[in-house]
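Letter by letter, the sequence shown follows residues 881 to 1421 of the working numbering.
Following: one structure in structure tokens, then a few remarks.
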Amino acid sequence: MPDTPATTSVTDYEVLVVGAGFSGLYLLHRLRAEGHRVHVVEQAPEVGGTWYWNRYPGARCDVESVDYSYSWDNDLQQEWDWTEKYPAQGDILAYLKHVADRFDLRKDIDFDTTLTGAEWDESQGLWTATAADGRVYRARYLLMAVGCLSVPKDIDLPGFDNFEGRVLRTYDWPEGEHLTGQRVGVVGTGSTGAQVIPALAETVGDLTVVQRTPNFVIPTRNRPLHDGELEGIKADYPDRRVRNRTHAAGVFRNDNPKNAFEVDAEERRSTFQERWEGGGINFLGSFADLMFDQAANDAVAEFVHTKIDEIVDDPETAGSLKPKSYPLGAKRPVVATDYYETYNRDNVHLVDVKKRPLDTFTEKGFRLADGTEYELDTMVLATGFDAFTGPFTKMDIRGTEGRSLAETWNRDGAKTHLGLGTAGFPNMIIVASVGSPSVLANMVTAIEQHVEWISRLLDTMREEGYTTIEAQEPAQEAWVQTVEDVAAMTLWPNGDSGSWYRGANIDGKVQIFMPYAAGIVEYGNAIDKSAANNYEGFTLS
Ligand code: NA7
């Protein structure tokens, strides 16, 4: 940990929350209301977390607005007016700012505060956390509300330092930048790339897309909410929230209970077609076995391939855009607007570096192994994240006997018990990240589930006089195995998807399936059972 300047004061809290996104704001509101002394530190100058930083053109959530919002205050949900079916980044940020103001949260948040380390003091049962500017915070509980996709992947492009043009990364895009008229390159065709590419194609002069692995891209079909639609949803909100909480995905999906080969080819095609026209993640609910049966998955993959052929004019480009080496869903399915259509524009060019390998970046752009040179003014990197573990391992977190979390996770993989705690790091509680449904569910529902569990835990500890909670190693090993076993029942681990779900997007990262794939209902049962059995799998003392 860095030295503490002599002038820096130490501030004591009961609970220190790291991060002021959806998780941190609800933790602050709820725990404060329950009489805990809680404080939040946030590296950005504003609330919002992921939705503060990711302000690139086209950034939008693929969960519907009315569901990607807090359910814990009826007045809040009645007074807030969403305007579109799927919320743009700016709308979500405006909502979170409103929440911060409405519930007077800002007074308990230190903005522009990046924690560099946190150390567990065993004798006192306290965490001491240090910020980059030397401020020190002491707290009994350290709640890590740091998000799953908040640390970008390091740049691993050959010769990238040679490039003398401008470099922009989607995760901290300068507000209002549209690169109008420029020659722009984009690396990355995941969820971010598939949103930023069509948006930039509208404003830049020329757009060159560098694609390594194609994704299955489902049309969003975003639209304004119709007259009266929001009022109907508001009237139904109590029931709607219950439906969301009783669906594995944390958001109600009208899933087809039939398997793909229970029906004939015509019904299969018309079902896919109907869901494709409806748009969004509901497409995955076309048949019950898409993520379990390879043949069913092949059928849906083939349907998407047909769509690509129908939409994309140039057959070679269409061929490059078709994912063939992994099941649909093994990489996070991408939902975007006009993605395939964008490749019909004269100013957009796809460079498939699996077919035509990239040699190196140059001063002016990049060169392929076949000698073709590309000259660009700006390179946009949409190359993904050091998902789940990045925000933990970039801090110097020290648990019992000085053990380092970064060393432990970099060596053994990110292991947790129930996605809430990790052995050797007492009173450090993880919110909606590794080991829990998190990104495989509606994040907001998953966050609320965690915040409620944590609030119950802290109440119990206060009432019963406990001061520390720590995950037990055997329980943790068993949970890691459960998470792997559940993933292995699906097609998620199949193919060469290189998915960040298991850390495969980063060279050398220990591969372990990180989100819990059985959904929030099963998961809720597991964490509630632990709580009911005196926090089974954890040691309270
Ligand atoms: P993703 O889904 O990890 O996508 C990153 C993209 O960047 C993907 O297409 C990668 O290709 C590509 N990439 C990364 N490194 C390279 C190199 N070195 N060369 C070529 N291409 C590269 O991140 P996103 O930000 O799009 O999405 C993250 C989540 O945010 C998303 O799932 C939603 O939950 C929201 P690859 O597939 O590795 O070949």
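Ideal placement from N, C-alpha and C gives every residue a C-beta, glycine not left out.
Asked                                                                                                               : Found
As assigned by DSSP and simplified to three states, the class of ASN1385                                            : coil
Residue from GLN957, SER903, HIS909 with nearest C-alpha to TYR1117                                                 : GLN957
Proximity test, GLY1027 beta-carbon vs the ligand NA7 heavy atom, cut-off 7 Å                                       : no
Length of the line joining the Cα atoms of THR884 and ALA1012                                                       : Confidence at THR884 is low in this model, with a pLDDT of 42, below 50, so the placement of that residue is unreliable and no value is reported for it.
DSSP state of VAL979 mapped onto helix, strand, coil                                                                : helix
DSSP state of LEU1048 mapped onto helix, strand, coil                                                               : strand
Whole-number beta carbon distance between ILE1392 and ALA1294, since they are thought to touch under 8 Å            : 6 Å
Closer than 7 Å: GLY1068 CB and nearest the ligand NA7 heavy atom                                                   : yes
Cβ-Cβ distance between GLY1160 and THR1325 below 8 Å                                                                : no
Residue range of the alpha helix (DSSP H) that includes GLN1391                                                     : GLN1391 -> no alpha helix (DSSP H), and no H or E assigned at all.
Backbone secondary structure at SER903 - three-state DSSP                                                           : helix
Boundaries of the beta strand (DSSP E) in which TYR1418 is found, first to last residue                             : The identity of residue 1418 in the sequence shown is Phe, whereas the question assumes Tyr. Start and end: 1418-1420.
Cβ-heavy atom distance, GLY928 to the ligand NA7, below 7 Å                                                         : no
Nearest neighbour of ASP990, chosen from VAL921, GLY1014, GLY1282, HIS909 [CA to CA]                                : VAL921
Beta carbon proximity, VAL1331 to chain B, threshold 8 Å                                                            : Going by chain labels, chain B is absent from the structure shown, which holds only one protein chain.
Nearest-angstrom Cα separation, counted from PHE1418 out to LYS1409                                                 : 12 Å
Selected residue, minimal CA-CA separation from GLU959, among VAL927, LYS965, SER949, PRO967                        : SER949
GLU999 - partner residues in DSSP beta bridges                                                                      : THR1008, ARG1278
Boundaries of the beta strand (DSSP E) in which GLY1245 is found, first to last residue                             : 1245-1248
SER1071 in three-state terms, based on DSSP                                                                         : helix
Distance cut-off 7 Å: ASN1385 Cβ against heavy atoms of the ligand NA7                                              : yes
Three-way DSSP call (helix, strand, coil) for LEU1320 in this model                                                 : helix
Assigned exposure category for SER1205 - 16 Cβ within 10 Å defines buried                                           : exposed
Cβ contact (3+ pairs, closer than 8 Å) linking the stretch 926-946 and the stretch 891-907                          : yes
Which listed residue (THR1050, ASN1102, VAL897) has its alpha carbon closest to that of LEU1022                     : VAL897
Where the beta strand (DSSP E) containing ARG1018 begins and where it ends                                          : 1016-1024
Which residues DSSP lists as bridging ARG1123, in chain order                                                       : None; ARG1123 has no bridge partner.
Separation of PRO1137 from THR1273, as counted between CA atoms                                                     : 41 Å
Cβ-heavy atom distance, SER1071 to the ligand NA7, below 7 Å                                                        : yes
The stretch 988-1006 / the stretch 1019-1039 touching (three or more Cβ pairs under 8 Å)                            : yes
Coarse secondary structure for TYR1254, derived from DSSP in three states                                           : strand
Nearest candidate by alpha-carbon position, reference ALA1262, set PRO1032, GLN1153, THR1240, ALA1358               : PRO1032
Cutoff 8 Å; reference ARG1278; Cβ partners in own chain excluding five residues on either side                      : MET881, GLY997, ALA998, GLU999, TRP1000, SER1284, LEU1285
Close-in-space but distant-in-sequence residues of the same chain around HIS1297 (CB under 6 Å, 5 per side omitted) : ALA1351, ALA1355, GLN1356, TRP1359, GLY1417
Opening and closing residue of the alpha helix (DSSP H) in which ALA1355 lies                                       : 1353-1368
Start and end residues, beta strand (DSSP E) containing GLN1091                                                     : 1086-1091
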